[in-house]
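Data block below; observations after.
There are 2 protein chains.
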Amino acid sequence: MPDTPDTHTATGLYFELFNEIGILGQLSRALFEARLPEGLVLPHFTVINHLIRVQDGRTPLQLARAFQVPKTSMTHTLAGLEKRGFVTMRVNPDDARSKQVWLTDAGRRFRDTAIAGIAPDLAGIADTLDPAEVRAVIDKLATLRKRMDAARD
Amino acid sequence: MPDTPDTHTATGLYFELFNEIGILGQLSRALFEARLPEGLVLPHFTVINHLIRVQDGRTPLQLARAFQVPKTSMTHTLAGLEKRGFVTMRVNPDDARSKQVWLTDAGRRFRDTAIAGIAPDLAGIADTLDPAEVRAVIDKLATLRKRMDAARD
DNA sequence: ATTACTTAGTCCGATATCGAACCATAAATC
DNA sequence: GATTTATGGTTCGATATCGGACTAAGTAAT
Numbered sequence: 001m002p003d004t005p006d007t008h009t010a011t012g013l014y015f016e017l018f019n020e021i022g023i024l025g026q027l028s029r030a031l032f033e034a035r036l037p038e039g040l041v042l043p044h045f046t047v048i049n050h051l052i053r054v055q056d057g058r059t060p061l062q063l064a065r066a067f068q069v070p071k072t073s074m075t076h077t078l079a080g081l082e083k084r085g086f087v088t089m090r091v092n093p094d095d096a097r098s099k100q101v102w103l104t105d106a107g108r109r110f111r112d113t114a115i116a117g118i119a120p121d122l123a124g125i126a127d128t129l130d131p132a133e134v135r136a137v138i139d140k141l142a143t144l145r146k147r148m149d150a151a152r153d
Numbered sequence: 001m002p003d004t005p006d007t008h009t010a011t012g013l014y015f016e017l018f019n020e021i022g023i024l025g026q027l028s029r030a031l032f033e034a035r036l037p038e039g040l041v042l043p044h045f046t047v048i049n050h051l052i053r054v055q056d057g058r059t060p061l062q063l064a065r066a067f068q069v070p071k072t073s074m075t076h077t078l079a080g081l082e083k084r085g086f087v088t089m090r091v092n093p094d095d096a097r098s099k100q101v102w103l104t105d106a107g108r109r110f111r112d113t114a115i116a117g118i119a120p121d122l123a124g125i126a127d128t129l130d131p132a133e134v135r136a137v138i139d140k141l142a143t144l145r146k147r148m149d150a151a152r153d
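So the sequence lines, in the order shown, correspond to chains A and B.
So for the first sequence, the UniProt record's numbering puts the first residue at 1; every next one is plus one.
So for the second sequence, the UniProt record's numbering puts the first residue at 1; every next one is plus one.
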């Protein structure tokens, strides 16, 4: 039995996959945060970016689910964004328990400059895999993500 | 311009990839931590697991690099493991600045029971992608990881 | 309409995470 | 071999993260 672990069993494979995912998550986090202004952290950017991709006006809970973080964490992240004037929160007219998160102009500008700052780094590694491969990996990961999401009950 | 973002540019693809990785990292973290004993968190398990896969006796810095976390974070994680008696740390005989991390029997038992506890969850999703696909994804991610690791100077 | 029950969000206390500064030892330069 | 310079780890202070308990508002059941 060599130093290779149980990479032959199905679960062993997933262990390895999640390990790789964890390390890459760590690397990308460091990469992004190095370019973000002092005091801002990856989730801040990610949330803003999401609000642009998918319309803003999302509720905090929707955002928490989108990123699979506890809602308390999202409260905290949104508080940081609001303090910096990147988003404003208004009560949801359809449901008084709920709120809606709206981007401000400053928030949009922040996103643009952040992307401009990070793009060069990404460009530097963008030739590692060819686009079709990246596309394929994304799709497979998305399939797995949806499955796990559903299995979470 | 539909709701699709710049998924056509190379950097846009990587944005999407890292986003997917972040969410999956979050999901797997939650999955694992739900099965770990109170007070233990994913990095605790991951470090122990790593020490088994690759021999123990690693130095804290080697571990920090393996997972791409700051060394201060690793200090903290190792302190937690030591407090629980899962590892012991001795000075590196070859370099007095350095230490070596050794697994205890309790540490090995912890790993075994943790794996036993988590395996069923993994088994439940292990049919999402067929093993060959998982293998391929791991390899592509590993390629990217190595590249980013190297680019980190 | 009153009484469960559920859902959205926050507050709180306990870690976890991380950058900056620091100490000790090692390696490199002169 | 004394003086830089680099390396391995810890300490410290500031946030981030998260589970548990709570409040307020909606929904369902009667």
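Heads up, the beta-carbon is just placed ideally off N, CA and C, and yes, glycines get one too.
Only a predicted model underlies this, so the values are computations on that prediction, with no experimental measurement involved.
Compare the C-alpha of residue i against each of the options and name the closest.
i, options, result
"Ala119/A", "Val91/A, Asp56/A, Ala151/A, Arg35/A", "Arg35/A"
"Lys83/A", "Ile21/A, Leu40/A, Lys140/A, Ile23/A", "Leu40/A"
"Leu51/B", "Ala66/B, Glu38/B, Pro37/B", "Ala66/B"
"Thr88/A", "Val101/A, Ile125/A, Arg53/A, Gly124/A", "Val101/A"
"Thr143/A", "Met74/B, Pro93/B, Ile23/B", "Ile23/B"
"Arg53/A", "Asp112/A, Ala123/A, Asp130/A", "Asp112/A"
"Asn92/B", "Lys140/B, Met74/B, Phe110/B, Gln62/B", "Gln62/B"
"Asp95/B", "Ala116/B, Ala114/B, Thr128/B, Thr59/B", "Thr59/B"
"Arg147/B", "Glu33/A, Ala126/A, Arg135/A", "Ala126/A"
For residue i, count the other beta carbons within 10 Å of its own beta carbon; 16 or more makes it buried, fewer makes it exposed. Which is it?
i, result
"Thr77/B", "buried"
"Gln68/B", "buried"
"Pro43/A", "buried"
"Glu38/B", "exposed"
"Ser28/A", "buried"
"Thr16/B", "For the record, residue 16/B in the displayed sequence is Glu; it is not Thr. So Glu16/B ends up on the buried side."
"Arg145/A", "buried"
"Ala64/A", "buried"
"Pro132/A", "The sequence as given places Ala at residue 132/A; Pro does not occur at that position. Classification of Ala132/A: exposed, given that the 10 Å Cβ count is below 16."
"Lys140/A", "buried"
"Tyr14/A", "buried"
Throw me the rounded Cβ distance for the residue i and residue j pair, which I believe falls under 8 Å.
i, j, result
"residue 157/A", "Asn49/B", "Residue 157/A lies beyond the range of chain A shown here (1 to 153); nothing can be said about it."
"Phe86/B", "Gly57/B", "Wrong, their Cβ atoms sit about 15 Å apart, outside the cutoff."
Go ahead and pull the three-state DSSP assignment for residue i.
i, result
"Asp105/B", "helix"
"Thr11/A", "helix"
"Asp112/A", "helix"
"Asp56/A", "coil"
"Ala142/A", "helix"
"Ala96/B", "strand"
"Thr88/A", "strand"
"Pro37/A", "coil"
_What are the residues in the region 131–143 of chain B lying within 7 Å of chain A by C-beta distance?_
Pro131, Glu133, Val134, Arg135, Val137, Ile138, Lys140, Leu141, Ala142, Thr143
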